[in-house]
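Chains as they are written, first to last, in the numbering used here: chain A, 180 to 610; chain B, 15 to 510.
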Amino acid sequence: MWFFRFFKASILTMLRGGKWYYLWLAFLLGLLGVGCLAYWHQFTQGLIVTGMRDPLSWAFYIGNFTFMDGLAVTTVLLVVPAYFYDWRSLHTPVVLGQLLAVCCVVMAMLFVTVDIGRPDRSWHLIPWLGVLNFPRSILAWDISVLVSFMALNVLLAFYALYRAFLGKEYNRKILFFLIALYVPLALGVQTIAAFLYVGLPGRPYWNAAILVPKFIASALCAGPALLLLILQVLQKTHALKLEQRVFEKIAEWMTYAMAATLLLFGAEVFKEMYSDTKHAIHMKYLFFGLHGKTALVKFAWGSLLMQVIAFALYLSPKLRKKTWAMNLGALLIYFGVYLEKGIILVVPAYTPSALGIIYEYQPSWVEWSVSAGVFALGFLLFTLMVKVAIPVMQGELQLKHCLKVTELPMQDPELQQALGGQKSAAGQDDA
Amino acid sequence: MSGLSKQTQSVMTPAAKAQQARAAEGSETKSRSPSFSSARVSLGTFKATPSQGSSGGCGGCQPSSCGGCGGGSNVSFDPRLPKSNVDPRAPLPTAAFGGSTLDLAPAPSVAAVAALSHTALEKALGPMPSEAQVAQMAPWAEQGKPQGGGCGSGSCGCGGGEAKEPASVNEALESYVTDDTYLGDLTQWIAPPPHAPAASLQKLARREFLRQLLIGGIAGIGLAQNIACKPDQRAEMVQQHYYRLSPKDRKEVIARLEREYWSKYRKNAKISMKPAKKGVLFGYALDLSLCIGCRKCVYACAEENNLSRDPQIHWIKVLQMDAGHGLDLHHGTPFYNPEKVPEAGKTYVPVACQQCADPPCTKICPVGATWREPDGITVIDYNWCIGCRYCMAACPYDARAFNWAEPSIPANQLNTDMHYLGNRPRMKGVVDKCTFCIQRVRENRLPACVESCPVGARKFGDLNDPNGELQYILKKKKVLVLKEELNTKPQFFYYY
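Listed below in structure tokens is the structure:
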């Protein structure tokens, strides 16, 4: 009914902003342009312009894809208290988290797209039109789960925003039903992302069941960390109003997730190093290098150090309530997990390769640029959506602000009630 | 060793089954034996020369160029790799080889086989069993003798048998779909059901039409950007999965590819889509004690299978192992470059696709672009592969190679004898792999690597043939497979 108004108001809001807003958009567009140019180079020349080769056929792109998969499930921590226990202050962060999830899934899919050799044949994945090897291929599962998860996020975020735009309460029954789907699906996204790797018996570094809980735990560290940082930025830039308690609660949940991550990591290291089978060679390469090849050693120890410091900062409730400690910890854990998923998860599994070939991988400039472009696109989407979402959720951008007097809906008593006594103020078009 | 016997058993079982099946069919397999038996010939003749080989003639050949692994030539994996070694066409010493290795001689004639003496055989196969057993395992000795219909095992080489080859693609497809011994894992749900009633076939046709319409729509969007797109390119963009191509589609695809190769290489290519023969299960055996690491197989494979020369791709990787470490792959490297092979203190393990009976690489393909054929060969539809390289992550043997750049083959080196699922030139951005030279073995010829091996270390044949050489090796030799614990059930056996 009022969809059109909603979209019109959204677009107008997206286009209006201050100097810094435009500068930020220009920066992201520039980065996106660089990414597109680099991708064109890769598309015409082939993946030879990346650092990947036959002994190491997946690397930075797939690592980023896995990381994005993880970020996408961030909101799963927040939805239950927000809706089941009706904690109102969490509603805005949840909607922002869902928008972030949409962007992350888009980025994850783009990272796969830029990684494949024949993106022009992507239609082969569409069931019936092409062949989706479901249920045998875990990649087919992953695509299905990601698409449904993204759809659910879009649906939930749009529903919440649209109701807020109309000034109406959300329907608890509908929302409960969607949330009941949301939690298992979010965990499913992470589980299946881990199964992608776990299901390969030829790569002992991945072929370990511990990868599944590790994926979930580390995702619940990095995602909320990013959300924490973004919310603070939005407080400054978009006049987002949030209780301090929201931050404290998120930080507390993160502490549990960090503890789990470190515990699982320790368990994995113990199993590999203590039993010291041939399979431990990948972890040895990661932490100590092999035959003088030590490209990953700094990342491995760096990531571990970052995660440990972040955990130490968050361990004391007093300390993590301080803004500097909270932000430093969030930054450290975010980049710690980024290194872990982006490089440390993928590369050592191929080093040495299945036949024992040691090929040292370095991302090429094309990979860096294309990845930056994908990140820029994700952030661009998020920036634009957040520009609308915050005023709508805070009741600053509503239907009543967009209507002329003559358009006021007389037939909808509920809406009339929502508009309340403010009919007189509704003369101006748009917010 | 218990694992080994398990392996042997797993191969034996289908063999026994096929034997029963063949007792009923009779003539089907007649034509196979003569050519496969030539494996023994090459083995016999070449076996006489290993000492020459290692003393600098052919065996010492090729201070070899860059070993396995098809990375780009511009990025060397290893400092030990000299830049100049990218050319796979470095001249090969031919002294002991009676000509050039590149000249892939046809399998020796029946007469040559018959002339083969038992002494040569003995040399080739080691200690010989009794006379009767020799006769059993060397069916060519019976060549020309009239055979009774019952013919014992039913699969011996009754010389005159004509290969019952499908006359047309149409017939081939029919025989394929109705093949109930089919082992493949894909067609059951890609191809229409074998005995679909008329009504559902009509429905299928309608569906097919709708699908074509949709694909056409997609192609239209793609083409809107490039109006100048040629019809052939358009056809390539919307080409369906191999098992969804009707016989008519197949003809068109072949014609299109032949046009494409003509315009690219000025060569008349002959592309076959010959399906697997019923009851055949290809297997491979490699004698580790004979291999001298000369890499003749590597380059013969590149020639035969139109592998990209730059960037260099190799399907066979010969690993040089430190002696005393057995098959521990962490003590091996494909990058070795001595003046002469074999070197003291080194052993050699050539690795290519192990053609697993339970391949980890096919089940994970998100688009079903790779599958195991009924004759046990795992193939790829290069026109359906999206290049995600998940199969490369799944392969425990590094057997798959990716075309990181547009593959380049000098036009004068193009092998025009092609199979659609095998050695036709690939395009940029797809995965390829060893197919046991599907274009050869389905025409009853031997793989190029078997023919090129100067020491006769490589054996190829039908695992379902109870009197075949493969079964002999499985029964008599100490056989092992790589990474047995992964339960991939390779059909590529190493023995010593």
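A virtual CB, placed ideally from N, CA and C, is assigned to each residue, including glycine.
Here the structure is a predicted model, which is why all the values come from computation and not from measurement.
Could you name the residues of chain A that residue i contacts, counting a contact when the two beta carbons are closer than 7 Å?
| i | result |
| --- | --- |
| Gly297(B) | Under the 7 Å cutoff, chain A gives no residues; its nearest Cβ is about 21 Å from Gly297(B). |
| Glu420(B) | Gly225 |
| Tyr404(B) | Leu318 |
| Pro325(B) | Ile227 |
| Leu333(B) | Leu534 |
Hey, does residue i have any beta-carbon neighbour from chain B nearer than 7 Å?
| i | result |
| --- | --- |
| Arg315(A) | yes |
| Ile523(A) | no |
| Tyr218(A) | no |
| Leu469(A) | no |
| Cys310(A) | Reading off the sequence shown, one finds Val at residue 310(A), where the question assumed Cys. Chain B, which has a Cβ nearer than 7 Å to the Cβ of Val310(A), makes this yes. |
| Gln607(A) | Residue confidence for Gln607(A) is low, a pLDDT of 44 falling below 50, so the modelled location carries little weight; the figure read from the coordinates is stated next. By this cut-off, Gln607(A) is not an interface position. |
| Arg342(A) | no |
| Arg300(A) | yes |
Mind pulling the chain A residues with CB within less than 8 Å of residue i?
| i | result |
| --- | --- |
| Asp412(B) | Asp233, Pro234, Ser532, Ala533, Leu534, Ile536 |
| Lys447(B) | Near Lys447(B) there are no residues of chain A at all, since even the closest Cβ is about 11 Å away, more than 8 Å. |
| Pro374(B) | Leu379, Pro380, Gly381 |
If the cut is a Cβ gap below 7 Å, which residues of chain B does residue i touch?
| i | result |
| --- | --- |
| Ile371(A) | In chain order: nothing, as chain B lies at least about 13 Å away. |
| Arg382(A) | Ala407 |
| Lys472(A) | In chain order: nothing, as chain B lies at least about 10 Å away. |
Can you find a CB in chain A that lies within less than 7 Å of the CB of residue i?
| i | result |
| --- | --- |
| Ile330(B) | no |
| Gly340(B) | no |
| Thr115(B) | Here Thr115(B) scores only 33 on pLDDT, less than 50, and its place in the model is too uncertain to base an answer on. |
| Leu224(B) | no |
| Tyr313(B) | no |
| Ser45(B) | A caution first: Ser45(B) carries a pLDDT of 39, below 50, which makes its placement in the model too unreliable to give a value. |
| Gly359(B) | no |
| Gly307(B) | no |
| Gly436(B) | no |
| Gly382(B) | yes |
| Leu343(B) | yes |
| Gly475(B) | no |
| Ser87(B) | Low local confidence applies: a pLDDT of 37 at Ser87(B) is under 50, so the model's placement there is unreliable, with the coordinate-based value given in what follows. For Ser87(B), the answer is no, since every Cβ of chain A falls outside 7 Å of its Cβ. |
| Gly230(B) | no |
| Gly346(B) | yes |
| His516(B) | No statement about residue 516(B) is possible, as the shown extent of chain B runs from 15 to 510 and does not include it. |
What distance in whole Å lies between the Cβ atoms of residue j and residue i, which are believed to be in contact at a cut-off of 8 Å?
| i | j | result |
| --- | --- | --- |
| Ala314(B) | Cys448(B) | Contact doesn't hold; Cβ gap of about 12 Å is too wide. |
| Ala280(A) | Ala319(A) | That pair is no contact at about 21 Å. |
| Arg315(A) | Lys377(B) | 5 Å |
| Phe394(A) | Ala373(A) | 4 Å |
Can a CB atom of chain C be found closer than 7 Å to the CB of residue i?
| i | result |
| --- | --- |
| Cys379(B) | Absent from the structure: chain C. Protein chains present are A and B. |
What in chain A is Cβ-close to residue i, meaning under 9 Å?
| i | result |
| --- | --- |
| Phe416(B) | Leu226, Met231, Arg232, Asp233, Ser236, Gly296 |
| Lys291(B) | Chain A residues near Lys291(B): none, gap ~26 Å exceeds 9 Å. |
| Val495(B) | Those within 9 Å of Val495(B) in chain A number zero; the least Cβ separation is about 14 Å. |
| Leu500(B) | Pro380, Gly381 |
| Lys442(B) | Gln224, Gly225, Leu226, Ile227, Gly296, Arg297 |
| Val365(B) | Leu534 |
Give the DSSP bridge partners of residue i, in chain order.
| i | result |
| --- | --- |
| Gln334(B) | Thr347(B), Tyr362(B) |
| Gly475(B) | Gly297(B) |
| Ile285(B) | Met432(B) |
| Val445(B) | Phe416(B) |
| Lys472(A) | Leu469(A) |
| Ile394(B) | Thr384(B) |
| Leu484(A) | Bridge partners of Leu484(A): none, in fact. |
Residues of chain B with CB under 8 Å from residue i, in chain order?
| i | result |
| --- | --- |
| Trp432(A) | Near Trp432(A) there are no residues of chain B at all, since even the closest Cβ is about 33 Å away, more than 8 Å. |
| Leu304(A) | Pro380, Val381, Ile400 |
Any contact between the segment 251–270 of chain A and the segment 186–196 of chain A? By contact I mean 3 or more CB pairs, one from each, below 8 Å. no
Can we say the segment 425–442 of chain B touches the segment 240–251 of chain A, given the rule of at least three CB pairs closer than 8 Å? no
Pairs of beta-carbons, one from the segment 212–229 of chain A and one from the segment 269–278 of chain A, closer than 8 Å: are there three or more? Short answer: they don't touch.
So, do the segment 513–525 of chain A and the segment 478–488 of chain A have three or more beta carbon pairs nearer to each other than 8 Å? Short answer: they touch.
Does the segment 308–326 of chain B come within contact of the segment 412–423 of chain B, defined as at least 3 CB pairs closer than 8 Å? Output reads yes: the segment 412–423 of chain B touches the segment 308–326 of chain B.
Using 8 Å as the threshold, is the segment 460–478 of chain B in touch with the segment 298–316 of chain B, meaning 3 or more CB pairs across them? yes
Report yes or no: do the segment 440–454 of chain B and the segment 288–307 of chain A share at least 3 C-beta pairs separated by less than 8 Å? Yes, since at least three Cβ pairs between the segment 440–454 of chain B and the segment 288–307 of chain A fall closer than 8 Å, the two stretches touch.
Touching or not, the segment 534–554 of chain A and the segment 462–480 of chain A, by the rule of three or more beta carbon pairs under 8 Å? yes
Does the count of Cβ pairs from the segment 400–413 of chain B and the segment 353–366 of chain B closer than 8 Å reach three? yes
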